[in-house]
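Engineer: One structure follows; several queries about it will come next.
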Amino acid sequence: SAAGEKALKTRAEFDLTIRLGSNFKVYGAYLIDERPLPSWLENVVFTKEEASAADGKPWKVGYLAGGEWNRPLGIKGLKLYTEYTRINQYTYTDEDPFFTYTHKGNLLGGPLGPDGDQLNLELVTTGNEIWTFAFAYNRKRQGEGRIGDQWSGQPGPSEVFLTGTVETTDQLALTATKRMGLADRVALSISLARITNDNHQPGAVILRPEIALTAQVS
Numbered sequence: 001s002a003a004g005e006k007a008l009k010t011r012a013e014f015d016l017t018i019r020l021g022s023n024f025k026v027y028g029a030y031l032i033d034e035r036p037l038p039s040w041l042e043n044v045v046f047t048k049e050e051a052s053a054a055d056g057k058p059w060k061v062g063y064l065a066g067g068e069w070n071r072p073l074g075i076k077g078l079k080l081y082t083e084y085t086r087i088n089q090y091t092y093t094d095e096d097p098f099f100t101y102t103h104k105g106n107l108l109g110g111p112l113g114p115d116g117d118q119l120n121l122e123l124v125t126t127g128n129e130i131w132t133f134a135f136a137y138n139r140k141r142q143g144e145g146r147i148g149d150q151w152s153g154q155p156g157p158s159e160v161f162l163t164g165t166v167e168t169t170d171q172l173a174l175t176a177t178k179r180m181g182l183a184d185r186v187a188l189s190i191s192l193a194r195i196t197n198d199n200h201q202p203g204a205v206i207l208r209p210e211i212a213l214t215a216q217v218s
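Quick note on my numbering: the sequence shown kicks off at 1 and runs consecutively.
Structure representation (structure tokens):
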């Protein structure tokens, strides 16, 4: 393509973990599938022609931030986890379908595809070696963007996110896990999800209860 229309591909991931004392850590990650380099790097790394990526192109990037807090507020026997993930629209999709981040129709790297975000909060007991209980809240928002969607070529905002009618899922889950031996365990999970704009239909709201029994046997 002509200069100015050519995408500047800079695929990379940056991860950072910071420990704040013995009981608390925070971490983050920044995924770059495709985006212009900062202006101060353009002339260093690329020729002028290669650095002429159009500013109107959407950034194919993702963000992740989270934390782990052992004994929150000094309460022994508990651990708090929190994590937020956001993936912009068009991320994981290449102009050449061969390089799209899928295998047999399944997304590589995680269940959250482009044009969505997810917040997880989980409180887990740690005081018993046999039994573990967890209470979790999950909120997921999904726009109408999908793997394979191609940018139309029209200049627009650099951050394209949550397009169309957004499907929002709020879920509460309670899980009991029993450990048997060194590696074997069985878990019972009961959850209830409220889905707003189900299947991207405006105003459609459903409740989805679920009971799941899983086992891990070595």
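A virtual CB, placed ideally from N, CA and C, is assigned to each residue, including glycine.
(1) At the level of alpha carbons, what is the spacing between I130 and R194?
(2) DSSP has F133 in a bridge; who is on the other side?
(3) In or out: G4 buried (at least 16 other Cβ within 10 Å) or exposed?
(4) Using a 10 Å radius around the Cβ and a threshold of 16 neighbouring Cβ atoms, would you call G203 buried or exposed?
(5) According to DSSP, is D117 helix, strand or coil?
(6) My output table needs one value for A53: the three-state DSSP class, helix, strand or coil.
(7) Answer yes or no: do Y92 and I147 have a C-beta to C-beta separation smaller than 8 angstroms?
(8) Take the Cβ of V217 as the centre, count every other Cβ of all protein chains shown within 10 Å, and call the residue buried at 16 or more, exposed below.
(9) Closest by CA to E68, which one among I87, Q89, R19, K76?
(10) Helix, strand or coil, according to DSSP, for L73 in the structure here?
(11) Does the region 78-94 come close enough to the region 111-126 to have 3 or more Cβ pairs within less than 8 angstroms?
(12) Tell me which same chain residues have a C-beta within less than 6 angstroms of the C-beta of E167, skipping the five on either side of it?
(13) Pick from D94, T177, G21, Y63: whose alpha carbon is nearest that of I190?
(14) Roughly how many angstroms separate the alpha carbons of G127 and Q89, rounded to a whole number?
(15) Could you compute how far the alpha carbon of A12 sits from the alpha carbon of P209?
Structural biologist: So, from the data block:
(1) 32 angstroms
(2) Under DSSP, F133 shares a beta bridge with A176.
(3) Any answer about G4 is weak, because its pLDDT of 41 lies below 50 and its placement is not dependable; what the coordinates show is given next. Counting Cβ neighbours within 10 Å, G4 comes out exposed, since fewer than 16 surround it.
(4) exposed
(5) strand
(6) Residue placement at A53 is poorly supported in this model, since its pLDDT is 47, which falls under 50; the coordinates still yield a value, given next. Secondary structure of A53 (DSSP, three-state): coil.
(7) One thing to note: Y92 has its Cβ within 8 angstroms of the Cβ of I147.
(8) exposed
(9) R19
(10) helix
(11) Contact between the region 78-94 and the region 111-126 is present, because at least three Cβ pairs lie under 8 angstroms.
(12) Q142, N197, H200
(13) T177
(14) 42 angstroms
(15) 39 angstroms
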